Amino acid sequence: MDQNLAPASNAINRLIQEFNKLPGIGPKSAQRLAYYLLRASEEQPGLLAEAILSLKQQTMLCSVCLNVTDSDPCPICDSNERDRNKVCVVEQPQDILALEHTRIYKGLYHVLHGAISPTEGVGADDVRIKELLQRLQGGAINEVIFATNPNLEGEQTAMYLHRLISPFGIRITRLARGLPFGTELEYADDVTLTRAIEGRQEF
Ligand SMILES: [Zn+2]
43 MDQNLAPASN AINRLIQEFN KLPGIGPKSA QRLAYYLLRA SEEQPGLLAE
93 AILSLKQQTM LCSVCLNVTD SDPCPICDSN ERDRNKVCVV EQPQDILALE
143 HTRIYKGLYH VLHGAISPTE GVGADDVRIK ELLQRLQGGA INEVIFATNP
193 NLEGEQTAMY LHRLISPFGI RITRLARGLP FGTELEYADD VTLTRAIEGR
243 QEF
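Right, here's the structure in full:
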């Protein structure tokens, strides 16, 4: 940034730069947020800082499904009201939020923490596939539902997983095609997602 155009305060500058690193926050929004906090009540910046710090300090990955949780196993894996024979495979923890919001799916999940993308240098070893295969070896799962994003990376990942999981002789399904190609699951609306789960097809 041109020095003459930068705020006269290093503290403001630093916060703007940090906000600007966040997804979906451009320089203008970063500026607006920083100046907003400057004007906000005395405690608000502290509450925000505390919430950000506890994000890393209080959360962990569930040792079963790899979802982000405050307790291990997570409430979904720990619940006896869930169908323990089904595993829905998603790319990110926030995809679970979207699917849970529909209230239609009652099985378990597995979070890959990414999708295979040769163009971006993300290989099969960079996502949590090994843990999924270990779960399937347990023998309790009789259906795996691929809920990877309906885009190139998501399709590639589903195809790769299909090759690995086929030998297990487990039913493999894929969310229905109602989801527009190129989108991400977390942005899909409830109606579309519900239809996609209910209309899931054999992969
Ligand atoms: Zn879990």
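The numbering used here puts the first residue of the sequence shown at 43, with every later residue one more than the last.
The beta carbon of each residue, even a glycine, is placed where N, CA and C say it ideally should be.
Note that the structure is a prediction, hence the values are computed from the model and not measured.
Less than 8 Å between the CB atoms is what I'm expecting for residue i and residue j, so what's the real figure, rounded?
i       : j       : result
Cys-107 : Tyr-151 : 5 Å
Pro-115 : Cys-104 : 5 Å
Ile-58  : Ala-72  : 5 Å
Leu-203 : Val-132 : Not confirmed; about 12 Å, so no contact.
Glu-185 : Arg-213 : 4 Å
Ala-207 : Leu-178 : Just to set this straight, residue 207 is Ile in the shown sequence, not Ala. That belief holds up - the Cβ atoms of Ile-207 and Leu-178 are roughly 7 Å apart, short of 8 Å.
Phe-61  : Leu-75  : 5 Å
Thr-161 : Ile-239 : 29 Å between Cβ atoms; not a contact.
Thr-234 : Ile-146 : Wrong, their Cβ atoms sit about 12 Å apart, outside the cutoff.
Within the present structure, is the beta-carbon of residue i separated from the nearest heavy atom of ligand 1 by less than 8 Å?
i       : result
Tyr-151 : yes
Pro-115 : yes
Leu-108 : yes
Thr-215 : no
Cys-130 : no
Ile-118 : yes
Thr-101 : no
What's the call for residue i, buried or exposed, on a 16-neighbour Cβ count within 10 Å?
i       : result
Asp-137 : buried
Leu-217 : buried
Asn-193 : buried
Residue j and residue i - do their beta-carbons sit closer together than 9 Å?
i       : j       : result
Gln-176 : Gly-156 : no
Lys-148 : Arg-124 : yes
Thr-215 : Glu-195 : no
Ala-182 : Asn-127 : yes
Val-129 : Ile-171 : no
For chain D, is any of its Cβ atoms less than 9 Å away from the one on residue i?
i       : result
Val-132 : Going by chain labels, chain D is absent from the structure shown, which holds only one protein chain.
Continuous beta strand (DSSP E) assignments of at least 3 residues falling wholly in the stretch 93 to 163: For the stretch 93 to 163, whole beta strand (DSSP E) runs of length 3 or above, ordered along the chain, are 125 to 132 and 149 to 153.
Secondary structure, alpha helix (DSSP H): runs of 4+ residues fully inside the stretch 163 to 208: Scanning the stretch 163 to 208 for uninterrupted alpha helix (DSSP H) segments of 4 residues or longer gives 172 to 179 and 194 to 207, listed from N- to C-terminal end.
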